[in-house]
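The structure appears below as structure tokens.
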Amino acid sequence: MLQSLAGCSCVRLVERHRSAWCFAFLVLGYLLYLVFGAVVFSSVELPYEDLLRQELRKLKRRFLEEHECLSEQQLEQFLRRVLEASNYGVSVLGNASGNWNWDFTSALFFASTVLSTTGYGHTVPLSDGGKAFCIIYSVIGIPFTLLFLTAVVQRIIVYVTRRPVLYFHIRWGFSKQIVAIIHAVILGFVTVSCFFFIPAAVFSVMEDDWNFLESFYFCFISLSTIGLGDYVPGEGYNQKFRELYKIGITCYLLLGLIAMLVVLETFCELRELKRFRKMFYVKKDKEEDQVHIVEHDQLSFSSISDQAASMKEDEKANEPFVTVQPATYYDGSINN
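Going by the UniProt record's numbering, the first residue of the sequence shown is number 1, and it counts up by one from there.
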């Protein structure tokens, strides 16, 4: 008897704080995922790093043996300066000396990576004035970019997602939920094909030292705004039509980011994902007029109808692919 009572109390406690428990498991799962990624990356990449370090030590030792007039301190000083310049996007190699990092097309590409928060890091401002302007430009430009992307996605998703789903639901009588899932899957497949596979094939042809996997890797790192910077297109010394190529990449990044946001918004409007997300959210407290509605004696028919209308609008807002229409008020009276 006591065990059954204790079990019931535990169940009630879990149900009462279900959102908190789900959030705790979410945090724990995220931390475990971080640790899992660190373990995998370390185990995969550490041997390659060790081999590269050994190779560099051998090359350095061989170079000093062949050039006895050069001391190790002088060599390290030269290499340190070369690495500093390389971090700023300036290469000491003769083949790459003809490419300027701050001509108009390169600067346009840099501005797009800054505003989209991709930030490859291959080119950075050299002067103090450029660094100060980059701060001011980013403070204003990043919120402006978010506003721009939100407005564009909000308009595109009406024609790409909501209207097609409602059309098949109303015209053919299919279930709105099933149509929404199928549409989201198809839209995701088309987006991946148009902005990942096809551009990866193009980059693998345009870039001499990129294979298809490396090109696909660049597309994913760029459109997910990770921007590691280990692969940056248009930086080859023999790149043909470099200015036009840079402008095309800038357009590709902006259009691809918009497409990714449209797909993400489409999946977020699915009813299943909405229910799943609510598991981790804090439940909103009811308004005071709804909590203490029984305690008030002065209730009119108009207040009850207004509450019923607001409840219907809330139910419509929770349904996927439905836009809530504003209520229409008439000033004129109805004549019998």
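The beta carbon of each residue, even a glycine, is placed where N, CA and C say it ideally should be.
Taking C-beta atoms under 8 Å as the contact rule, Leu223 and Phe195 qualify, at a distance of about 6 Å. Using a 10 angstroms sphere on the CB of Ala200, the tally of other CB atoms reaches 16 or more, which defines it as buried. Counting only the Cα atoms, Thr150 lies some 10 Å from Pro143. Pairing Pro47 with Gln177, the inter-Cα distance amounts to about 49 Å.
Taking a C-beta distance under 9 Å as the contact criterion, Val158 and Leu187 do not qualify as a contact pair. If you look at Asp128, you'll find it in the alpha helix (DSSP H) that goes Asp128 to Ile157.
For Leu108, the enclosing alpha helix (DSSP H) stretches over residues Phe104 to Leu115.
Per DSSP, Ser222 is one residue of the alpha helix (DSSP H) stretching across Phe212 to Leu223.
The beta carbons of Phe189 and Phe216 sit no closer together than 9 Å. Buried is the label assigned to Ala180, since at least 16 other Cβ atoms lie within 10 Å of its Cβ.
Cα atoms of Leu59 and Leu52: separation of roughly 11 Å, rounded to the nearest angstrom. The C-alpha of Phe280 is placed about 8 Å away from the C-alpha of Leu26. Of all C-beta pairs linking the stretch 101-120 to the stretch 70-77, fewer than three are shorter than 8 Å, placing the two stretches out of contact. Here DSSP, grouped into helix, strand and coil, assigns Lys240 to coil. For Phe63, the enclosing alpha helix (DSSP H) stretches over residues Arg18 to Glu66. With at least 16 other beta carbons inside 10 angstroms of its own, Lys246 counts as buried.
Measuring C-alpha to C-alpha distances from Glu243 to each of Gln54, Ala107, Val40 and Val39 identifies Ala107 as the nearest. Tyr167 and Val152 have their C-alpha atoms some 22 Å from each other. Looking at the backbone, the Cα of Tyr137 and that of Pro233 are separated by about 24 Å. Judged by beta-carbon spacing, Thr225 lies within the 9 Å limit of Thr118, meaning their Cβ atoms are closer than that value.
Per the C-alpha coordinates, the member of Ile221, Phe41, Gly248 and Glu235 positioned closest to Met260 is Ile221. Counting along the chain, the unbroken alpha helix (DSSP H) around Val185 starts and ends at Lys176 to Val192.
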